[in-house]
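Trainee:
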Amino acid sequence: MCELAGSNDGSCVIWDFETRGIAKELRDNECSSPMTSICWSKCVNRILVSAADKSLLLWDVMNGKVIKRKVLQKNPMQACLYSDSNLPYK
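Everything in the sequence shown is counted per this note's numbering, starting at 16 for the first residue and increasing by one.
1. Just the Cα atoms here: how many angstroms apart are Glu-40 and Gly-79?
2. Which residue comes first and which comes last in the beta strand (DSSP E) that contains Ala-67?
3. Kindly list the residues whose CB is nearer than 8 Å to the CB of Cys-14, restricted to its own chain and excluding five residues on each side of it in sequence; keep chain order.
4. Cβ atoms of Ser-70 and Pro-49: under 9 Å apart, would you say?
5. List the endpoints of the continuous beta strand (DSSP E) containing Leu-41.
6. Bridge partners of Glu-18, per DSSP?
7. Tell me, please, whether the CB atom of Ser-52 is closer than 9 Å to any CB atom in chain B?
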């Protein structure tokens, strides 16, 4: 079982409860703002993150790379994914 946590430095950490350690750390050089919300995709291989700098990041958990980055013009929002899709709401 794993838990996902966002950090004030802009990184995301996947914590493994069985090993009691970090399974993976996701970090993007273009985003160093605190994470405001995080959610897993239904298939658990993608993570959508919103940050205080108004950016949304869609991560591929397996390779640790950002699939898509979007910077919003308005205030930060909370991340959410459609339950029937692996893509964020457009």
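Where is the CB? At the ideal position from N, CA and C, for every residue including glycine.
Since we're looking at a predicted model, the values are computed, not measured.
Mentor: In short:
1. Looking at the two C-alpha atoms, the distance is approximately 8 Å.
2. Going by DSSP, Ala-67 is part of no beta strand (DSSP E) at all; its letter is neither H nor E.
3. Nothing can be reported for residue 14: it is not among the residues displayed for the chain, which extend from 16 to 105.
4. No. Outside cutoff.
5. Run containing Leu-41: 36-41, per the beta strand (DSSP E) assignment.
6. Paired residues: Trp-30.
7. In summary, chain B is missing from the structure at hand, where a single protein chain is found.
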